[in-house]
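Data block below; observations after.
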């Protein structure tokens with residue numbers, strides 16, 4: 115007797131929601147995916163696609179397309195007051211993707227959207243989750259479009275609707291944590307003179323730090339404290355073009371459980387942290403793929419216990435790294451200048467650091483094991 119495939123509603127059509135849709139469809143499940151926005155965002159908050167994400171997207175064919183489009187970052191210089199303190203050599207990572215791939219989030223989303231459309235799925239834009247109700251263990255979703263309102267009772271609801279998730283709010287899940295006491299900013303600058311596209315830099319400054327990552331030979335993304343980015347733009351505007359600049363705030367928060375009843379949260383809807391380490395979008399994509407696999411195997415009830423510890427570990431790691439870059443003190447400075455270079459000179463420590471930085475320290479997805 116053939117078992118009926120479960121019905122799945124995905125709320126949010128960013129990279130996390132579209133990954134969930136793609137991975138479900140790859141396993142024979144045809145989800146519905148909605149988003150209250152009018153269409154895909156054109157700006158790119160996230161840039162880095164790490165080796166774990168490349169592993170996850172490889173079976174669907176997206177990794178090959180991303181590799182053709184992206185810029186391979188093979189090393190990262192940590193510079194303190196004009197002097198290189200140490201270098202993280204991603205090229206030494208023992209993995210078949212020994213680099214961080216730099217791809218604007220808008221391009222990653224475009225490829226994901228093309229992939230799900232090729233599988234017969236369409237994002238329903240201008241479509242919003244208005245309410246969730248629970249009765250007798252059954253969750254009902256109220257969904258509104260511009261001209262209608264419907265009631266749906268899917269077997270699974272995936273909230274991939276970001277840090278201000280309405281799915282999370284309707285499910286009654288608290289978002290515990292706090293904001294970080296610094297205003298951050300980013301700027302994409304197009305330079306006349308070409309830059310080395312394989313090298314990133316984190317420069318520690320008296321008032322904070324600025325991370326710089328090349329999108330290509332001429333365009334560089336700079337991220338740092340708002341004051342440092344304003345100063346950088348002022349100093350580098352002559353002869354160059356500022357393509358985009360934006361301020362943002364950072365929080366370190368997570369839910370206490372990533373599911374309740376038949377409602378599941380993935381990505382920023384479940385956990386947020388600073389952009390240090392480029393783990394945000396990657397962690398969300400990993401959540402989405404993991405959940406899709408568990409739904410297909412009938413084991414979705416284990417999702418929270420498998421994914422929440424990973425999210426908490428990433429939050430602790432990124433909080434520590436953020437403090438080391440943006441907080442001041444003699445011990446922190448000594449750690450950057452003396453302890454870190456000495457420890458990274460040990461091959462096993464270097465591999466451990468590289469695996470953590472690139473997301474390979476988390477348990478490997480079971481469906482990828484050979």
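Numbering (the numbering used here), first residue to last: 115 to 484.
In this text, a Cβ means the ideal position worked out from N, Cα and C, and glycines have one as well.
task = May I ask which residues mark the beginning and end of the alpha helix (DSSP H) holding residue 439?
result = For residue 439, the enclosing alpha helix (DSSP H) covers residues 417–440.
inquiry  = Rounded to the nearest angstrom, what separates residue 147 and residue 404 at their Cα positions?
reply    = 17 Å
query = What whole-angstrom Cβ distance do residue 335 and residue 329 have, given they're in contact under 8 Å?
reply = 6 Å
Beta-carbon spacing of residue 130, residue 381 below 8 Å = In this structure, residue 381 lies closer than 8 Å to residue 130 by Cβ.
ask   = Considering only C-alpha positions, which residue in the set 323, 412, 351, 479 is nearest to residue 397?
value = Nearest Cα to residue 397 within the set 323, 412, 351, 479: 479.
task = Starting from the N-terminal side, write out each stretch of the beta strand (DSSP E) that is 3 residues or longer and does not extend beyond the segment 324–382.
result = 333–339, 355–362, 365–368, 377–379
ask   = Which first and last residues belong to the alpha helix (DSSP H) in which residue 178 is found?
value = Its alpha helix (DSSP H) spans residues 176–183.
query = residue 184: which of 431, 426, 312 sits nearest, CA to CA?
reply = 312
message = Measuring CB atoms only, is the segment 238–253 touching the segment 182–199, in the sense that at least three cross pairs come out at less than 8 Å?
response = In short, these stretches do not touch, since the Cβ pair count stays below three.
key: Strand pairing of residue 270, partner residues [DSSP]   = Per DSSP, 122.
query = In this structure, what does DSSP give as the bridge partners for residue 146?
reply = 123
key: Reference residue 153, options 308, 142, 227, 159, closest by Cα   = 227
request  = Flag this pair as touching only if the segment 304–324 and the segment 370–381 have three or more C-beta atom pairs under 8 Å; answer yes or no.
outcome  = no
Residue of 172, 281, 160 minimising C-alpha distance to residue 383 = 281
inquiry  = Less than 8 Å between C-beta atoms, sequence neighbours within five positions excluded: which residues of the same chain meet that for residue 241?
reply    = 148, 149, 150, 257, 258, 259
key: Span separating the alpha-carbon of residue 417 from that of residue 118   = Each residue's CA atom was taken as its position, placing residue 417 and residue 118 some 21 Å apart.
key: Helix, strand or coil at residue 102 [DSSP, three-state]   = Outside the modelled stretch of the chain, which goes from 115 to 484, sits residue 102, for which no answer is possible.
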